[in-house]
Amino acid sequence: MPTWNPDQYLRFAKERTQPCRDLTARIEVAEPRTVIDLGCGPGNSTRVLAQRWPQAELTGLDSSPQMVETARKDFPAGHWIAADITGWSAAESSRFDVIFSNAALQWVPDHATILPRLMGLVAPGGALAVQVPYNENDPPHRAARSMAASAAWRDRFPKECVREWHVEDRSRYYDLLSPHATRIDLWETEYLHVMPDAEAIVEWYKGTGLRPYLDALFNASDQQRFMAEYLHLIRPSYPSRADGRVLFPFRRLFFVAYRE
Ligand SMILES: C[S@@+](CC[C@H](N)C(=O)[O-])C[C@H]1O[C@@H](n2cnc3c(N)ncnc32)[C@H](O)[C@@H]1O
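Going by numbering that gives the first Met the number 0, 48 is the number at position 49 of the sequence shown; the sequence numbering is gapless.
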């Protein structure tokens, strides 16, 4: 389980929260009484849910105590739980009108088990709404994987030491959910984030996708060396535009599954 730093994550709060806004806007549940945000992080996604449904009873759940602490401070009205999604979904028995998860389930293994289980916790008339990154083969991910497998670094990353994201093929999500849903909306969006430079993309991934690699390296000088080499590898994929900035394409997969 990677470590999380709320401040590093929130450096790109606007860009990271936009998919959450887009997902929330597409959920066709008029007046949910209970809404849970799984992998709520520092509470940025929970806040969007509170804006859409101010009357709902909101719960945020995250396995990182630091994230939950930040969320609780910023948004004391919410109900906050520090727990793992896998264990929670196995033990939970209450139903929720909206079960929501933005940019978190990619960290949770075995979607074939977890998604039907989550659908079983959706109240009649409610929905499960999920967004996961859908860009595992983009340059930042390819670069990290190829570095970890290289002669220079592989002794620091024993086999299976680093597990990146758990994301299935998009049609597999349809197959997993369709036996449990009356209707499923699935879509993809590729965001084109405007970043000051390629260094900012490394900073972005330091807050998310690079966490498992940096955690495996333990000491700060190895981490610095890893990031310098990583920057060198990804920079050619993000050429400067006329104003010196770079475009950072980021594809995401969304689905909303409804229960009768
Ligand atoms: C990328 S952040 C997403 C935060 C927020 N939902 C958003 O929309 O920006 C992913 C969050 O998932 C949490 N997470 C990862 N694995 C988890 C698990 N197994 N159970 C609960 N939370 C988990 C992390 O602690 C982190 O706060």
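Positions of the beta carbon are idealized from the N, C-alpha and C atoms, including for glycine.
Residue span of the alpha helix (DSSP H) that contains residue i, given as start and end
i: Ser-170; result: 169-176
i: Val-67; result: 64-73
i: His-231; result: 219-233
i: Ala-215; result: 210-216
i: Gly-59; result: Looking at the DSSP string, Gly-59 is not in any alpha helix (DSSP H); the run it does join, the beta strand (DSSP E), is 56-61.
i: Ser-88; result: 84-90
i: Arg-153; result: Unbroken run through Arg-153: none, as it is neither H nor E.
i: Pro-248; result: It is not in any alpha helix (DSSP H) - Pro-248 instead sits in the beta strand (DSSP E) that spans 245-257.
i: Asp-21; result: 12-25
i: Ala-148; result: 138-148
Extent of the continuous beta strand (DSSP E) to which residue i belongs
i: Gly-40; result: From DSSP, Gly-40 is part of no beta strand (DSSP E); its letter is neither H nor E.
i: Gln-130; result: 121-132
i: Pro-195; result: Note, Pro-195: premise wrong, no beta strand (DSSP E); not H, not E.
i: His-78; result: 78-81
i: Ser-100; result: 95-101
Nearest-angstrom beta carbon gap, residue j and residue i [assumed within contact, 8 Å]
i: Leu-9; j: Leu-37; result: That belief does not hold up - the Cβ atoms of Leu-9 and Leu-37 are roughly 19 Å apart, past 8 Å.
i: Arg-15; j: Ala-143; result: That pair is no contact at about 19 Å.
i: Ala-76; j: Pro-41; result: Ala-76 to Pro-41, Cβ: 15 Å. No contact.
i: Gly-206; j: Gln-65; result: Gly-206 to Gln-65, Cβ: 12 Å. No contact.
i: Ala-55; j: Phe-99; result: Incorrect: roughly 11 Å between the Cβ atoms, too far for contact.
i: Phe-74; j: Val-34; result: Phe-74 to Val-34, Cβ: 13 Å. No contact.
i: Met-146; j: Phe-249; result: 20 Å between Cβ atoms; not a contact.
i: Leu-230; j: Val-201; result: 5 Å
i: Ala-111; j: Leu-175; result: 6 Å
i: Pro-138; j: Tyr-204; result: Incorrect: roughly 11 Å between the Cβ atoms, too far for contact.
Residue i burial status per 10 Å Cβ neighbour count (16 or more: buried)
i: Asn-43; result: buried
i: Leu-191; result: exposed
i: Arg-251; result: buried
i: Asp-168; result: exposed
i: Ala-12; result: exposed
i: Ser-170; result: exposed
i: Thr-2; result: exposed
i: Leu-114; result: buried
i: Ala-126; result: buried
i: Leu-209; result: buried
i: Pro-18; result: buried
i: Phe-156; result: buried
i: Phe-247; result: buried
i: Pro-238; result: exposed
i: Pro-53; result: exposed
i: Phe-217; result: exposed
i: Pro-5; result: buried
i: Pro-31; result: buried
i: Ser-88; result: buried
i: Ser-177; result: exposed
#### Entry: Stretch-stretch touch, CB-based, cutoff 8 Å, three pairs: the region 117-127 with the region 209-220
The region 117-127 is not in contact with the region 209-220.
### Message
Taking contact to mean 3 or more Cβ pairs, one atom from each stretch, closer than 8 Å, check whether the region 40-48 and the region 12-29 are in contact.
### Response
With a cut-off of 8 Å, the region 12-29 and the region 40-48 count as touching, because enough Cβ pairs lie within range.
### Task
Would you check if there are 3 or more beta carbon pairs closer than 8 Å linking the region 191-200 to the region 220-237?
Segment contact: the region 191-200 against the region 220-237, three or more CB-CB distances shorter than 8 Å; contact assigned.
### Query
Does the region 89-107 touch the region 64-81, meaning 3 or more C-beta pairs lie closer than 8 Å?
No: the two stretches stay apart, fewer than three of their Cβ pairs being nearer than 8 Å.
### Task
Check whether the region 168-187 touches the region 240-257, taking contact to mean three or more Cβ pairs, one atom from each stretch, closer than 8 Å.
Because the criterion of three Cβ pairs below 8 Å is met, the region 168-187 and the region 240-257 touch.
### Task
Examine the Cβ distances between the region 161-172 and the region 130-147 and report whether three or more of them are shorter than 8 Å.
Contact between the region 161-172 and the region 130-147 is present, because at least three Cβ pairs lie under 8 Å.
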